[in-house]
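Participant: Have a look at this one.
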Amino acid sequence: MAITETVRSDARSDDEARVLELCEKLLADVPPRGADPVEFLGRQFDLGLAWVHFPEGNGGLGLSPKLQKLVNETLARAGAPRAGGLNPIGHGMGAPTIVTHGSDAQKQRYLRPLFTNEEIWCQLFSEPGAGSDVAGLSSRAVRDGDEWVVNGQKVWTTLAHVSRFGMLVARTDPDAPKHKGMTYFVVDMQAPGVEVRPLYQITGEAEFNEVYFTDVRIPDAERLGDVGEGWRVSLTTLMNERVSIGGQIPPRGAGFVGELMKVYATTGPHDLATRERVMRLWTRAEVLRLTNIRASQNRSHGTPGPEGSIGKLAMAELHKDISECALDLLGAEGMLFPTGYPMERPQTTALWSSTPQAFLRSRANSIEGGTTEIMKNILGERVLGLPGDIRTDKDRPWIEVPRS
Ligand SMILES: Cc1cc2nc3c(=O)[nH]c(=O)nc-3n(C[C@H](O)[C@H](O)[C@H](O)COP(=O)(O)OP(=O)(O)OC[C@H]3O[C@@H](n4cnc5c(N)ncnc54)[C@H](O)[C@@H]3O)c2cc1C
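The structure is reproduced here in structure tokens:
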């Protein structure tokens, strides 16, 4: 073995030992079973075990992101409170965006309460006229001294109704081409002029909302990245979003496909064609799980590359096929909607308590976080190197691009 390889593998085991020692300390400091989640997660953050690849003092230890799996598995085995569930957008996208582009003051202010779920975050990108083409957005931010004044409308804003802060992208230079005239801000969702209205989904729940901004003032200190650099900052959010949605690694046979197996076991008798359909879905779930494990082990730094779209694309189509199969297995019973149609505003996202509900919710999987068609475009252009989509508006000033 070459000396460099020996040094590297020794260094890795030192890091593993350090991480495990800190996990032990955390579990001794705050015994996990029955612990107050905020206290436990706060201590986890202070010990650098929130995101081990973040810098020290920001919830991390400056180590390889691969070691986070070790932390998560060790803490889960001990029955520790889970970090991400209540604040999926904060954990999945907010934290990596803040740590990459935020000022020291922003990192100090936002990361800890985000990790402990005391402050929930939302993502204010999509607009009625800009979804897949988010760089075409129209919400305006105009500078006024040390502040920006924001006017416009966002849509499909998941969890805006429980959010304390939002990641907002707005147009600051309409005369620049669309990708160059946007700026990224942290917006206080309780500021005067922010109005959140529910939008109900086919499940009867309003996970997401419309958000209106009327003369909302944002201090310049709450800008993330430079003026006009909003697209670059957004890419950090978007790349992390795809992996946060599609990069999950459940235990083998668990998660969505585990639910299918339960339905299969409690219905029937099944013919051979049905058995084969279920086996094929189980195999696709396992291939996705192994692909996500390999991708997470290959990731040497925090933000994933365009290959993160593989998991998002595969997961969206698989979830739809699995829930459709489960619904078919239920036969006529699958037409009932046991939870009723209560028009609720849930505290978190994508919770489902029945097969029909999972079937309806999974329809959104190939839209949220970028559609399946957009994932294919990204993979074709950025991973496979195929010729790009035709983009006639790319170099034109945004103000001159025709739009409805
Ligand atoms: C459950 C859910 C939660 C969401 N949460 C959020 C959130 O929290 N924050 C947020 O900002 N947004 C959120 N979204 C919005 C989501 O990101 C957009 O819906 C998505 O990007 C698609 O945009 P659109 O709805 O405007 O559709 P469009 O962009 O209008 O697309 C319509 C159709 O055209 C296809 N299409 C568009 N462009 C191309 C192209 N170049 N090549 C091939 N096909 C194309 C699309 O694939 C789609 O089938 C959420 C959406 C859902 C469903």
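Using this note's numbering, you'd call the opening residue of the sequence shown number 19 and step up by one each time.
Don't be surprised by glycine CBs; every beta carbon is placed ideally from N, CA and C.
It should be emphasised that the depicted structure is a prediction, and the values quoted were computed from it without experimental measurement.
#1: For the segment 226 to 238 and the segment 287 to 300, state whether three or more C-beta atom pairs, one from each stretch, are separated by less than 8 Å.
#2: Quick one: does the C-beta of asparagine 135 sit closer than 7 Å to a heavy atom of ligand 1?
#3: At a cut of 8 Å, does the segment 272 to 292 reach the segment 334 to 344 through at least three beta carbon pairs?
#4: Does the beta-carbon of leucine 142, which I'm using as the reference point, lie nearer than 7 Å to any heavy atom of ligand 1?
#5: Sort out for me which residues DSSP pairs leucine 216 with in a bridge.
#6: Using three-state DSSP, classify glycine 154 as helix, strand or coil.
#7: Is phenylalanine 143 helix, strand or coil by DSSP?
#8: Taking the DSSP output, what are the residues bridged to alanine 148?
#9: Check for me: the beta strand (DSSP E) holding lysine 412 runs from which residue to which?
#10: Starting from methionine 200, trace the beta strand (DSSP E) in both directions and tell me its first and last residue.
#11: Report the three-state DSSP secondary structure of phenylalanine 58 (helix, strand or coil).
#12: Quick one: does the C-beta of threonine 309 sit closer than 7 Å to a heavy atom of ligand 1?
#13: Evaluate contact between the segment 113 to 123 and the segment 66 to 77, counting only Cβ atoms and requiring at least three cross-stretch pairs below 8 Å.
#14: Is it the case that the CB of tryptophan 249 approaches a heavy atom of ligand 1 more closely than 7 Å?
#15: If we cut at 8 Å on Cβ distances, does aspartate 122 have a partner in chain E?
#16: Tell me the rounded alpha-carbon separation between alanine 20 and alanine 313.
#17: Using only the alpha-carbon positions, how far apart do threonine 24 and leucine 81 sit?
#18: For a quick check, are the C-beta atoms of proline 106 and serine 262 less than 8 Å apart?
#19: Enumerate in chain order the residues of its own chain whose CB-to-CB distance from threonine 92 is below 6 Å, with the five nearest sequence positions on each side excluded.
#20: So, at 7 Å on beta carbons, what are the nonlocal neighbours of threonine 357 in its own chain, with the 5 sequence-adjacent residues on each side left out?
#21: From the DSSP output, in three-state form, read off lysine 84 for me.
#22: Apart from the five residues just before and just after valine 48, which ones in its own chain have a Cβ nearer than 7 Å to its Cβ?
#23: Do you know whose CA, among Ala98, Ser31, Lys84, Ala94, lies nearest aspartate 54's CA?
#24: In angstroms, rounded to a whole number, what distance separates the CA positions of aspartate 212 and phenylalanine 226?
#25: Quick check on glutamate 39: buried or exposed, where buried means 16 or more other Cβ atoms within 10 Å of its Cβ?
#26: So does the segment 121 to 137 actually touch the segment 155 to 164, counting three or more Cβ pairs closer than 8 Å?
#27: Is isoleucine 107 a contact residue of ligand 1, with contact defined as CB to any heavy atom under 7 Å?
Facilitator: Let me lay it out:
#1: no
#2: no
#3: yes
#4: yes
#5: In the sequence as displayed, the identity of residue 216 is proline instead of leucine. Asn227, per the DSSP bridge assignment.
#6: helix
#7: coil
#8: Glu145
#9: That residue, lysine 412, is in no beta strand (DSSP E); it is neither H nor E in DSSP.
#10: 200 to 206
#11: helix
#12: no
#13: yes
#14: no
#15: Given the protein chain composition of this structure (a single chain), no chain E is represented.
#16: Confidence is the limiting factor: at alanine 20 the pLDDT is only 38, short of 50, which leaves the residue's position unreliable, though a coordinate-based value still follows. Between alanine 20 and alanine 313, the C-alpha separation is close to 26 Å.
#17: Any reading at threonine 24 must be qualified, since the residue scores a pLDDT of 37, below 50, and its modelled position is unreliable; no value is offered.
#18: yes
#19: Cys41
#20: Ser371, Ser372, Gln375
#21: coil
#22: Glu57, Phe58, Arg61
#23: Ala98
#24: The amino acid occupying residue 212 in the given sequence is valine; aspartate does not appear at that position. Rounded to the nearest angstrom, the two C-alpha atoms are 15 Å apart.
#25: exposed
#26: no
#27: yes
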